[in-house]
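Worksheet: the structure to be examined is printed underneath.
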Amino acid sequence: MQRAFNTFEIPQDVRPEQIDVQENGVRVQWSDASHDSFYPWDFIETYIQSDRRTPEPRRIEYFGSNGSGNSTSWPPSVSSKDLEDNETRTVAQLTDFIKRFGLVFVTGVPFETGEATKKLLEKIAFIRQTHYGGFYDFIPDLAMADTAYTNLALGAHTDTTYFTDPAGLQAFHLLSHADPTAKDGEGTLGGKSLLVDGFYAASLLRKESPRAYKILTTHKLSWHASGNEGITITPDTSYPVLESKSNGQGLRRVRWNNDDRGVVPFTERSPMEWYEAAREWHSILTRKDLEYWVQLTPGNLLIFDNWRVLHGRSAFTGVRRMCGGYINRDDFVSRWRNTNFPREEILKRVVG
Ligand SMILES: [Fe+2]
Numbered sequence: 001m002q003r004a005f006n007t008f009e010i011p012q013d014v015r016p017e018q019i020d021v022q023e024n025g026v027r028v029q030w031s032d033a034s035h036d037s038f039y040p041w042d043f044i045e046t047y048i049q050s051d052r053r054t055p056e057p058r059r060i061e062y063f064g065s066n067g068s069g070n071s072t073s074w075p076p077s078v079s080s081k082d083l084e085d086n087e088t089r090t091v092a093q094l095t096d097f098i099k100r101f102g103l104v105f106v107t108g109v110p111f112e113t114g115e116a117t118k119k120l121l122e123k124i125a126f127i128r129q130t131h132y133g134g135f136y137d138f139i140p141d142l143a144m145a146d147t148a149y150t151n152l153a154l155g156a157h158t159d160t161t162y163f164t165d166p167a168g169l170q171a172f173h174l175l176s177h178a179d180p181t182a183k184d185g186e187g188t189l190g191g192k193s194l195l196v197d198g199f200y201a202a203s204l205l206r207k208e209s210p211r212a213y214k215i216l217t218t219h220k221l222s223w224h225a226s227g228n229e230g231i232t233i234t235p236d237t238s239y240p241v242l243e244s245k246s247n248g249q250g251l252r253r254v255r256w257n258n259d260d261r262g263v264v265p266f267t268e269r270s271p272m273e274w275y276e277a278a279r280e281w282h283s284i285l286t287r288k289d290l291e292y293w294v295q296l297t298p299g300n301l302l303i304f305d306n307w308r309v310l311h312g313r314s315a316f317t318g319v320r321r322m323c324g325g326y327i328n329r330d331d332f333v334s335r336w337r338n339t340n341f342p343r344e345e346i347l348k349r350v351v352g
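For what it's worth, full-length UniProt numbering labels the leading residue of the sequence shown as 1, then goes sequentially.
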């Protein structure tokens, strides 16, 4: 203990001078007389019972191609008007939908410009800056060296696997889509959005192939973003595709993007075993009954959990204007806590 104090340079000469046990807690007077501390009984009780924080409630409902089977709340959505009229209550519902289903739609969002979308996202938390910028509003032109800036079909993936802390939330709002060269009635323009519940897919993998699940949760590999001049981003250490919670209670995060993946290393296992497991994972992700397809339309904003839900799209023709942004995971969860639970309860979870 003495050494720990030295390490953090806590003054050696400050000690409890007097400890008063009171009806509602314990008061401590410190020897330097700089201040008193008061510890309520429920605070002390929490520490005596356990040195771990109260776990966050976890109520997850998986979804597949037809939405979430057990829920009458599908597709989870709130309206832009409700957000204006009663921000706290509606943000509480919106963030809770994301925690529960992994996604939410916001209806009735103005789409003449991206401005209303940006303001709406900022009601959850500030928009994350990355090397691509912050809030984006673009027409695909390959301005950035990234497949998102094309009109190609994209398989289900998660974004920003190359960050130590990948983006928590991701938002898409299709502001317009037109093909000036198409003749009337010439079919659809394409560009449907694909969403796959990664936690559901992982639960199936665990059940059907425990060995593949074990490999994908333990075999760590590198991830990187190196496509833009002067930018080479990679996480602080290597990470597995499926990250488990430290208490062993389920899955924490999915990283899956073939375009960002580094070399699969030799460990006690051969990379061949990893590829075999990855093939099984891919075959589950691409099952028709797991693929939820939705046509985004102007006015209908989609926000989803990038740590859980994989996204993709079909190819499209014409000119599509899309806006959106990322929000950090911690800031999203903080907003969810603070709009859904009383402060007393929150402090027990975050302090201990
Ligand atoms: Fe993406």
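Note that CB positions come from ideal geometry on N, CA and C, so glycine has one too.
{"Query": "Look at Phe332 and Gly168 and say whether their C-beta atoms are less than 8 Å apart.", "Result": "yes"}
{"Query": "Give the single residue among Gly67, Gly318 and Ala153 whose Cα lies nearest to the Cα of Leu290.", "Result": "Gly67"}
{"Query": "Ignoring anything shorter than 3 residues, give me the beta strand (DSSP E) runs that lie fully in the region 263–316, in order along the chain.", "Result": "292–294, 301–305 and 309–313"}
{"Query": "Can the beta-carbon of Gly114 be found less than 8 Å from the beta-carbon of Cys323?", "Result": "yes"}
{"Query": "Between the C-alpha atoms of Ala343 and Val294, what's the straight-line distance to the nearest angstrom?", "Result": "Ala is not the amino acid found at residue 343; the sequence shown has Arg there. Distance between the alpha carbons of Arg343 and Val294: 37 Å."}
{"Query": "Give the straight-line distance between the Cα atoms of residue 363 and Asp197, rounded to the nearest whole angstrom.", "Result": "A query on residue 363 cannot be resolved here, the shown segment of the chain reaching from 1 to 352 and no further."}
{"Query": "How is the beta strand (DSSP E) around Phe172 delimited, first residue to last?", "Result": "Leu169 to Ala178"}
{"Query": "Are the Cβ atoms of Thr339 and Val91 separated by less than 8 Å?", "Result": "yes"}
{"Query": "In whole angstroms, what is the alpha-carbon distance linking Leu296 and Val106?", "Result": "11 Å"}
{"Query": "Span of the beta strand (DSSP E) holding Pro235?", "Result": "Careful: Pro235 lies outside any beta strand (DSSP E) and carries neither H nor E."}
{"Query": "Closer than 8 Å by C-beta to Thr234: which residues in its own chain qualify, once you throw out the five before and the five after it? Chain order, please.", "Result": "Tyr162, Ser222, Trp223, His224, Ala225 and Gly262"}
{"Query": "Check whether the Cβ atoms of Ala202 and Asn328 sit closer than 8 Å, and answer yes or no.", "Result": "no"}
{"Query": "What's the C-alpha gap between Phe135 and Trp41?", "Result": "46 Å"}
{"Query": "To which residues does DSSP link Glu243 through a beta bridge?", "Result": "Arg253"}
{"Query": "Taking all protein chains shown into account, decide if Thr95 is buried (16 or more other Cβ within 10 angstroms of its Cβ) or exposed.", "Result": "buried"}
{"Query": "If the criterion is Cβ atoms closer than 8 Å, does the pair Tyr47 and Gly25 meet it?", "Result": "no"}
{"Query": "Check Gln93 in the structure and name its three-state DSSP category.", "Result": "helix"}
{"Query": "Please state whether DSSP places Asp197 in a helix, a strand or coil.", "Result": "strand"}
{"Query": "For Lys123, which residues in the same chain have their Cβ closer than 7 Å to its Cβ, ignoring the five residues on either side in sequence?", "Result": "Leu83, Glu87 and Val91"}
{"Query": "Evaluate Gln249 with the Cβ neighbour count: other Cβ atoms within 10 Å of its Cβ, from every protein chain shown; 16 or more gives buried, anything less gives exposed.", "Result": "exposed"}
{"Query": "Of the choices Ser31, Gly318 and Phe341, whose alpha-carbon is the least far from that of Ser176?", "Result": "Gly318"}
{"Query": "In this structure, how does DSSP classify residue 367 when only helix, strand and coil are distinguished?", "Result": "It is not possible to answer for residue 367, since the shown part of the chain is limited to 1 through 352."}
{"Query": "Measuring from the CB of Asp159, is there a heavy atom of ligand 1 at a distance below 7 Å?", "Result": "yes"}
{"Query": "Consult DSSP for Trp30 and reduce its assignment to one of helix, strand or coil.", "Result": "strand"}
{"Query": "If you follow the alpha helix (DSSP H) that Thr107 is in, where does it begin and where does it stop?", "Result": "Note, Thr107: premise wrong, no alpha helix (DSSP H); beta strand (DSSP E) at Leu103 to Thr107."}
{"Query": "Thinking C-beta only, is Thr181 closer than 8 Å to Arg255?", "Result": "no"}
{"Query": "Taking the straight line between their C-alpha atoms, what separation do you get for Val28 and Leu194?", "Result": "58 Å"}
{"Query": "Which term fits Thr117, buried or exposed, when burial requires 16 or more other beta carbons within 10 angstroms of its beta carbon?", "Result": "buried"}
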